[in-house]
Ligand code: APR
Ligand code: PHB
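Here is the structure:
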C-alpha cells in the first residue's frame with residue numbers, strides 16, 4: 271500500500287464520515303488511526319444531532335439505525351429561579367427538531383459501514399507524522415507492528431482531534447489560535463434509569479449548572495458543574511444525585527431516578543478555534559480545528575459541518591476538475607464555526623456559576639434568562655442556533 275487520493279488522519283466521527291462519503295463517490299482514501307476500534311468506541315460523548323447532521327449521515331448511507339432508535343426532540347427546557355421555560359424548537363423554526371442519538375452509536379454505524387464497503391483503515395498506527403503537505407506530493411508515515419509505512423497522497427485530511435498531530439504540524443507563524451478556558455468542568459454520569467423528563471433540561475442554579483439528558487428511554491445522562499479541583503473518586507453516586515436534584519426545579523428533581531453509574535467522569539470546558547483550516551494540501555476538520563464547550567451540543571455537529579464542506583470541495587476537485595471548493599473551504603467552514611462558538615460561549619456564560627461572579631453578574635444572568643423566556647425574538651434566536659444554522 272503506497273498510494274491513495276486522500277489520507278485521513280484520525281478515525282473518529284469526522285474521519286469516518288469523510289471516508290464514507292469519499293468512498294461512495296469513488297474517491298480512494300485510507301484512514302490512519304492511532305487507537306484500536308474498541309478504544310475509539312469507548313469514548314462517551316454528547317448525543318444531540320442537528321437535522322443537517324442527520325442528513326449527512328443519510329447521505330453517507332448510515333442513518334438506518336439512527337432513524338429507528340434516535341429520539342426526535344422538538345423542544346428543550348431552560349430552568350432558572352425555580353421555574354422552567356420550554357424552547358419550542360419546532361414552533362419557533364418552522365418545524366425543525368434535533369435527534370438524540372449517542373455519538374458512540376454514530377461512530378459504531380460508520381465503522382460498520384466502512385468495514386462493509388471494504389475501505390482501508392489502519393488501526394493502532396504508531397508514530398504518525400506528515401511530510402510535504404506544503405508541496406504537491408504530501409505523505410503520511412506511520413509504524414505498525416514494527417513495520418514503517420509511507421503513504422503518498424494528493425491531500426491529507428487532519429481529522430485527528432484536539433490532541434492530534436495535524437494541527438501541530440503547521441508552522442506556528444502560519445496559524446492563529448483563539449482560546450477561552452472556563453474555570454469549571456462538567457461531572458457527567460451515565461445510568462440505566464428512565465430519564466426524568468421527555469426533553470433535555472439546562473438548569474441555572476446559584477450553586478452551579480446542572481443538566482438532564484438521555485441516550486434512550488431507559489438510559490439517562492446527567493451533568494453537574496464542578497470546580498476543576500474536584501476528583502471523580504470523591505463523588506459517590508449518592509452525592510452526585512443529591513447535588514443534581516438540589517439544582518433542579520422541585521417537580522423535575524422528584525422525577526429523577528437515581529441508579530448505579532455506568533460511566534462517571536469530569537470534563538473541562540474550552541472554546542478554541544485554529545485559523546485557517548487549510549495549509550497547502552492539509553485540511554483540518556472537527557476537533558482538530560475547533561472545540562466548543564458542550565453547553566450548546568455543537569461539537570459533533572460542527573465536525574459534520576466541516577466534513578460537509580470538505581467533501582463537497584474534494585468531490586468538485588476530482589469530479590468537476592475545479593479547485594474553487596478547496597480554495598474556499600477554510601473561509602466557509604470558519605464562518606459557520608464562529609457562529610457556533612458564539613452560541614456555545616453564550617449558553618455557557620448564561621447558565622454557569624463563574625467563581626468571579628458578583629451578585630450583579632448573577633442578576634444579569636437571571637435577567638437574560640427571563641428575557642429569553644419572555645421574548646419570541648430571543649427564544650427564536652436560541653432555537654435557530656440550537657437546531658443548527660444552515661450549511
Ligand atoms: N494519529 C492518528 N490518529 C490520531 C492521532 C494521531 N497522531 N491523534 C489522535 N488521533 C485519533 C484519535 O484517537 C481519535 O480517534 O483521531 C481521532 C479524533 O477523533 P475525535 O477526537 O472524536 O474528533 P472528531 O472525529 O473531529 O470528532 C468530532 O467533536 O466535540 C466533539 O464530541 C465531539 O468527538 C466529537 C468531535
Ligand atoms: C449529552 O447528552 O451528553 C449532552 C446533551 C446536550 C448537551 C451536552 C451533552 O448540550
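In my numbering, the protein residues as written are 271 to 661. Ideal Cβ placement from N, Cα and C applies to all residues, glycine included. Note that the coordinates shown come from a computational prediction; the quantities given were computed from them, not determined experimentally.
Would you call the segment 548-559 in contact with the segment 459-473, where contact means no fewer than 3 C-beta pairs closer than 8 Å? no
Taking 7 Å as the cut-off, is the beta-carbon of residue 433 closer than that to any non-hydrogen atom of the ligand APR? By one-based count along the chain shown, residue 433 stands at place 163. For residue 433, the Cβ falls inside the 7 Å cut-off from some heavy atom of the ligand APR.
Would you report the Cα separation of residue 352 and residue 476, rounded to the nearest angstrom? Residue numbering aside, residue 352 sits at position 82 when the chain shown is read from its first letter. Residue numbering aside, residue 476 sits at position 206 when the chain shown is read from its first letter. Using only the alpha carbons, I get a separation of about 11 Å.
By C-beta, the residues closer than 5 Å to any heavy atom of the ligand PHB, given in chain order: 316, 317, 318, 483, 491, 564 and 567
For residue 356, which three-state DSSP category applies? Sequence index remark: in the chain shown, residue 356 carries index 86 (1-based). For residue 356, the three-state secondary structure derived from DSSP is strand.
Go through its chain and collect everything with a Cβ distance to residue 349's Cβ below 6 Å, but skip five positions before and after it. Within the chain shown, the letter at position 79 stands for residue 349. Answer for residue 349: 471, 473 and 519, listed in chain order.
Starting from residue 631 and walking both ways along the alpha helix (DSSP H), at which residues does that stretch end? Taking the chain shown and counting its residues from 1, one reaches residue 631 at position 361. In the DSSP annotation of this structure, the continuous segment of the alpha helix (DSSP H) that includes residue 631 starts and ends at 629-644.
Any heavy atom of the ligand APR closer than 7 Å to the Cβ of residue 531? As a working note, residue 531 is residue 261 in the chain shown. Result no, Cβ not under 7 Å from the ligand APR.
Grouping DSSP H, G and I as helix and E and B as strand, with all else coil, what is residue 534? Here residue 534 corresponds to residue number 264 of the chain shown, with the count starting at 1. Residue state, collapsed to three classes: strand.
Could you check the C-alpha separation between residue 436 and residue 279 for me, to the nearest Å? Here residue 436 refers to the residue found at position 166 when the chain shown is read from its first residue. Here residue 279 refers to the residue found at position 9 when the chain shown is read from its first residue. Distance between the alpha carbons of residue 436 and residue 279 is about 8 Å.
Alpha carbon to alpha carbon, what distance is there between residue 329 and residue 550? Position 280 of the chain shown, counted from the start, is the residue given in the question as residue 550. Position 59 of the chain shown, counted from the start, is the residue given in the question as residue 329. Their Cα atoms are separated by approximately 28 Å.
Evaluate contact between the segment 480-487 and the segment 629-638, counting only Cβ atoms and requiring at least three cross-stretch pairs below 8 Å. no
Residue 541 to residue 595, Cα distance in whole Å? Walking along the chain shown from the start, residue 541 turns up at place 271. Walking along the chain shown from the start, residue 595 turns up at place 325. Rounded to whole angstroms, residue 541 to residue 595 spans 27 Å at the Cα level.
So residue 281 packs on residue 310, CB below 8 Å; how close in whole Å? For this step, residue 281 is matched to residue 11 along the chain shown. For this step, residue 310 is matched to residue 40 along the chain shown. That pair is a contact at about 6 Å.
How about residue 327 and residue 580: do their beta carbons lie closer than 8 Å? Working through the chain shown from its first residue, we reach residue 327 at position 57. Working through the chain shown from its first residue, we reach residue 580 at position 310. The answer is no: Cβ separation not under 8 Å.
Anticipated Cβ contact below 8 Å, residue 495 with residue 623, distance rounded: Within the chain shown, numbered from 1, the residue matching residue 495 stands at position 225. Within the chain shown, numbered from 1, the residue matching residue 623 stands at position 353. The Cβ separation is near 7 Å, so the contact holds.
Own chain residues within Cβ distance below 6 Å of residue 275, not counting five before or after: In the chain shown, the residue the question calls residue 275 occupies position 5. Cβ neighbours of residue 275 beyond the five flanking positions: 297, 298 and 424.
Taking the C-alpha atoms as reference points, what is the distance between residue 429 and residue 284? Counting from one through the chain shown, the residue named residue 429 turns up at place 159. Counting from one through the chain shown, the residue named residue 284 turns up at place 14. Approximately 6 Å, taken between the alpha carbons.
Cα-Cα separation, residue 260 to residue 371: Residue numbering for the chain in the displayed model covers 271 to 661; residue 260 lies beyond these limits and cannot be assessed.
Near residue 453, what residues of its chain come up, given a Cβ to Cβ distance below 6 Å and the 5 sequence neighbours on each side ignored? Counted from its first residue, the chain shown places residue 453 at position 183. Hits under 6 Å: 625.
Counting along the chain, where does the alpha helix (DSSP H) carrying residue 614 start and finish? As a working note, residue 614 is residue 344 in the chain shown. Counting along the chain, the alpha helix (DSSP H) containing residue 614 begins and ends at 594-621.
Going by other Cβ atoms of all chains shown within 10 Å of its Cβ, with 16 needed for buried, is residue 664 buried or exposed? In this structure the chain extends from 271 to 661, so residue 664 is not present and cannot be described.
Shorter than 7 Å, the distance from the beta carbon of residue 357 to the closest heavy atom of the ligand APR, or not? If you number the chain shown from 1, residue 357 lands on position 87. Flag unset: Cβ of residue 357 not near the ligand APR.
Can you determine whether any heavy atom of the ligand APR sits closer than 7 Å to the C-beta of residue 302, and answer yes or no? As a first step, residue 302 must be located in the chain shown, where it is residue number 32. Correct: residue 302 has its Cβ closer than 7 Å to the ligand APR.
To the nearest angstrom, how far is it from the Cα of residue 583 to the Cα of residue 359? For the purposes of this step, residue 583 is taken as residue 313 along the chain shown, with counting starting at 1. For the purposes of this step, residue 359 is taken as residue 89 along the chain shown, with counting starting at 1. Pairing residue 583 with residue 359, the inter-Cα distance amounts to about 31 Å.
Near the ligand APR: residue 404 beta-carbon under 7 Å from a heavy atom: Translated into positions along the chain shown, residue 404 becomes position 134. No, Cβ of residue 404 sits at least 7 Å from all heavy atoms of the ligand APR.
Specify the secondary structure class of residue 591 as computed by DSSP and reduced to three states. The count along the chain shown starts at 1 and reaches residue 591 at position 321. Coil, per DSSP.
Under 8 Å between C-beta atoms of residue 575 and residue 603: Counted from its first residue, the chain shown places residue 575 at position 305. Counted from its first residue, the chain shown places residue 603 at position 333. Cβ distance < 8 Å, so residue 575 and residue 603 count as in contact.
Considering only C-alpha positions, which residue in the set 567, 416, 422 and 659 is nearest to residue 373? As a first step, residue 373 must be located in the chain shown, where it is residue number 103. Of the candidates 567, 416, 422 and 659, the one whose C-alpha sits nearest the C-alpha of residue 373 is 567.
By the three-class DSSP mapping on this structure, what secondary structure does residue 276 have? Reading the chain shown from its first residue, position 6 is the one you call residue 276. Strand at residue 276.
Distance between residue 412 and residue 591 (C-alpha atoms, nearest Å): Position 321 of the chain shown, counting from 1, holds the residue named residue 591. Position 142 of the chain shown, counting from 1, holds the residue named residue 412. Looking at the two C-alpha atoms, the distance is approximately 31 Å.
Can you determine whether any heavy atom of the ligand APR sits closer than 7 Å to the C-beta of residue 305, and answer yes or no? As a working note, residue 305 is residue 35 in the chain shown. Because some heavy atom of the ligand APR lies under 7 Å away, the Cβ of residue 305 counts as near it: yes.
Beta-bridge partners of residue 458, as assigned by DSSP: Position 188 of the chain shown, counted from the start, is the residue given in the question as residue 458. Residue 458 is bridged to 493 and 535.
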